[in-house]
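*Asks:* All residue numbers for the sequence shown refer to our numbering, where the first residue is 13 and numbers rise by one.
Think of the CB as a built atom: it goes at the ideal place given N, C-alpha and C, for glycine as much as any other residue.
Here it is: the structure, laid out below.
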Amino acid sequence: MLDFDLSKFELQTFHNSNLRSFFKSYKNSKIYLFYAELRDILWNLQIKNGMIAINQRKKTYEFDVTDRTIKNWLYELQELGFLEFKYKRFDLCYIQMKDYTKLQILYPKTHKENGDPIFPSRFYKDVQLIIKNAIKDFKDKTLVFENEEVILCDFSSRNELSFAQSVYVKTKLANDEQFQHNIIYEDLVRQPLPNLKCNFAQAIIKKRIKEALEHCSDSYKKIQLAS
């Protein structure tokens, strides 16, 4: 028998959970309104076992979307673990609501195993753009970092740093371009990332990276002059 706790869907409990924090950064924030609508139905009818039915056609009118969109939302919420789409009969969709408080996606890690903080995805995306702009003047130039001659590389995707949850510049060896190496921000600039609460954090990151790359470029020029 399904162990379902209706009290988890009481309005105050629902609003005080991590749900809104999760859906704020989710790619489709409107889906939260749809999920909240399902909560309203469940709570207003006081359905103890969590099984509800919605009229799919009616919901398309309420949310001004197509039948396919409602269906996609249901499958998306099912994939995330919020519910189970049981079956459909005519326009009625039968849905088993699940205990959202047990979902790990609502409790993301704040630190890596080595103790380093994990920043919001938007931070990594913004920093990747900063790095992309900062390295423009150094593309196709040979640099020296820790006695190795390297060349800067482009990121493989626009979300690379977000997926890696790390801040770095990509390089390859000047004498072996098959060998790629990521230089972590702290190793490159010799300083930790600035506090995100600082209004000038992004400007500081850009300035430090450009200064570090200038130093690496100057180091290569000195070697060339000495040889």
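For the alpha helix (DSSP H) containing ASN145, name the first residue and the last one.
*Replies:* As a working mapping, residue 145 is identified with position 133 in the sequence shown. From DSSP, the alpha helix (DSSP H) with ASN145 extends over 133-146.
*Asks:* Considering only the alpha carbon of each residue, which of CYS165, ARG220, TYR180 lies closest to VAL201?
*Replies:* The count along the sequence shown starts at 1 and reaches residue 201 at position 189. Taking only the C-alpha atoms, the option nearest VAL201 is ARG220.
*Asks:* Please report how far the alpha carbon of SER19 lies from the alpha carbon of TRP85, in whole angstroms.
*Replies:* Here residue 19 refers to the residue found at position 7 when the sequence shown is read from its first residue. Here residue 85 refers to the residue found at position 73 when the sequence shown is read from its first residue. Cα to Cα, the separation comes out at about 24 Å.
*Asks:* Once DSSP output is grouped into helix, strand and coil, what is the label at GLN192?
*Replies:* On the sequence shown, position 180 is the one that residue 192 refers to. In this structure, GLN192 counts as strand in the three-state DSSP scheme.
*Asks:* Would the region 128-145 and the region 101-117 be scored as touching if the rule is three or more Cβ pairs under 8 Å?
*Replies:* Cβ pair count under 8 Å is below three, so no.
*Asks:* Looking only at its own chain, which residues have a Cβ that is under 6 Å from the Cβ of ALA213, when we skip the five neighbours before and after it?
*Replies:* On the sequence shown, position 201 is the one that residue 213 refers to. Result list for ALA213: PRO206, in chain order.
*Asks:* Between ASN126 and SER33, what straight-line distance do the alpha-carbon atoms span, to the nearest angstrom?
*Replies:* For the purposes of this step, residue 126 is identified with residue 114 of the sequence shown, where counting begins at 1. For the purposes of this step, residue 33 is identified with residue 21 of the sequence shown, where counting begins at 1. Each residue's alpha carbon lies about 25 Å from the other.
*Asks:* Counting contacts by CB-CB distance shorter than 8 Å, is ASP103 in contact with chain D?
*Replies:* Of the protein chains in this structure there is only one, and it is not chain D.
*Asks:* Assign MET13 to one of two classes, buried (16 or more other C-beta atoms within 10 Å of its C-beta) or exposed (fewer than that).
*Replies:* Indexing the sequence shown from 1 puts residue 13 at position 1. Confidence at MET13 is low in this model, with a pLDDT of 45, below 50, so the placement of that residue should be treated as unreliable; the coordinate-derived value is given next. When all chains shown are included, MET13 counts as exposed.
*Asks:* So within the region 165-190, which uninterrupted alpha helix (DSSP H) runs reach at least 4 residues, ignoring any that extend past its ends?
*Replies:* 172-176, all fully within the region 165-190.
*Asks:* How is the beta strand (DSSP E) around ASN67 delimited, first residue to last?
*Replies:* As a first step, residue 67 must be located in the sequence shown, where it is residue number 55. Unbroken beta strand (DSSP E) run through ASN67: 63-67.
*Asks:* Hey, how far is the Cα of ARG141 from the Cα of LYS151?
*Replies:* In the sequence shown, counting from the first residue as 1, residue 141 sits at position 129. In the sequence shown, counting from the first residue as 1, residue 151 sits at position 139. Strictly speaking, residue 141 in this sequence is Leu, with Arg absent from that position. Going by the C-alpha atoms only, they are around 15 Å apart.
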